[in-house]
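Residue numbers (numbering that gives the first Met the number 0), protein chains in the order written: chain U, 0 to 205; chain P, 0 to 116. By construction, the Cβ of each residue, glycine as well, lies at the ideal position given by its N, Cα and C atoms. First comes the structure, then the notes that go with it.
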Amino acid sequence: MSGLIGKKIGMTSIFTEAGRNIPCTVIEAKPNVVVQVKSEDSDGYTAVQLGFGDKKVKNTTKALQGHFDKAGTSPKRHLREFRDYALEKSVGELVKIDEVIAEGDFINIAGTSKGKGFQGVVKRHGFHGVGDRTHGQHNRERAPGSIGAASYPARVFKGMRMAGRTGGDRVTVKNLEVVKIIADKNLILVKGAVPGHKGGIVYIEK
Amino acid sequence: MDIIKDIHDQLTPKRDDLPKFSYGDNIVVNYRIIEGEKERIQSFKGDVIKITGQGATKTFTVRKTSSGVGVERIFPFSSPNIADIKVVKRGRVRRAKLYYLREMVGKKARIREKRTQ
């Protein structure tokens, strides 16, 4: 696997040479720094830890300051480990977009979906509500309906889908096509939508 | 926002060849249609009922009545498939979104022409 950490910028659409208009999400992925390299000998598995986005030294714990000093970089806000990294990289090196992906590739993108707060079952689980507005019914339009039987089992089963906090989950979208790479500005355009709000951190995996 | 604007400037060149028109105008859009190998031009004549968006995603909506049925089509301003646009009439309207035309039929669905000296 290889990958990068990036920031979602927003959506737009571009025209292909054939004149087709395709929706795109713009992701900015400034060069990531290799902060740590894990190997079979030292950690029991191979991985690469990448850092993205600067933060102030005074806002970094002493422990992390030491970690970043070892890599010879300024403190980074976001760290992520990629198992079995496909590129040969040593600590302190930069990973750029065009090393990892090319136009036409299919990539997976993971991010944190937009938080929606406390939501009912219609929005949260796609229930259809109890039914009609008429036929004697007055207040059950978006209700969940029955949540189980009566004196046997005399309880509600665990995992029953109900209302609650919605969104804000880690979501991965698979097989998004890379439409365009603008290497000098560190931008990637992928076809379709990507989880999260504008400015949110996304993980690009290939 | 600025990054998206840069992308528009870089990847979607502005169509300067199209005439200026506004909501309420009656226009003819000649649109290229590609069917397999062949390419032909289809024209769509109607009133511009809205203009929305900005940059590369700016679009306009044209409404016409075709044998009693209202038909609306949305065109992107920056579409390479628009062969050309002709302005037939400049309309005099009092709002930017002419959704009220959808409710009107026949003589009521007309737009007054703008008088210019």
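Secondary-structure assignment with DSSP links U/Glu80 through a beta bridge to U/Gln48. If you ignore the 5 residues before and after U/Ser89, its C-beta comes within less than 8 Å of the C-beta of Val33, Val36, all in its own chain and listed in chain order. Taking the Cβ atoms as the reference, U/Gly110 lies roughly 28 Å from U/Val56, outside the contact range of under 8 Å. By a beta-carbon distance limit of 8 Å, P/Val28 does not contact P/Ile110. Their separation comes to about 17 Å.
Pairwise C-beta distances place the region 158-167 of chain U in contact with the region 113-128 of chain U, as three or more of them are shorter than 8 Å.
Burial is judged here by how many other beta carbons sit within 10 angstroms of a residue's own beta carbon; U/Val201 has at least 16 and is buried. Chain-order list of chain P residues neighbouring U/Leu186: Ile2, Ile6, by C-beta distance under 8 Å.
Contact annotation for P/Ala82 against chain U: no contact, minimum CB-CB distance about 11 Å [criterion: below 9 Å]. The DSSP-derived three-state label of U/Tyr151 is coil. Of all residues in the region 10-30 of chain U, those with a C-beta nearer than 7 Å to a C-beta of chain P are Thr11, Ser12, Ile13, Phe14, Gly18, Asn20, Val25, Glu27, reading in chain order. DSSP, read as helix, strand or coil, puts U/Asn185 in coil.
Within the DSSP secondary-structure output, P/Lys44 pairs in a beta bridge with P/Val27.
Against chain U, the CB of P/Ile110 has no partner CB under 8 Å away; the residue lies outside that interface.
Counting only residues of its own chain and dropping the five nearest sequence neighbours on each side, U/Arg141 has a CB closer than 7 Å to the CB of Gly119, Val121, Gly128. If you look at U/Phe67, you'll find it in the alpha helix (DSSP H) that goes 61-70.
Taken in chain order, the members of the region 148-181 of chain U whose beta-carbon sits within less than 8 Å of a beta-carbon on chain P are Lys179, Ile181. Nearest C-alpha to U/Leu86 among U/Gly71, U/His66, U/Val47: U/Val47. For U/Gly166, the closest C-alpha among the options U/His196, U/Ile187, U/Thr11, U/Ile146 is that of U/His196. Contacts with chain U at 8 Å (Cβ-Cβ) do not include P/Leu97.
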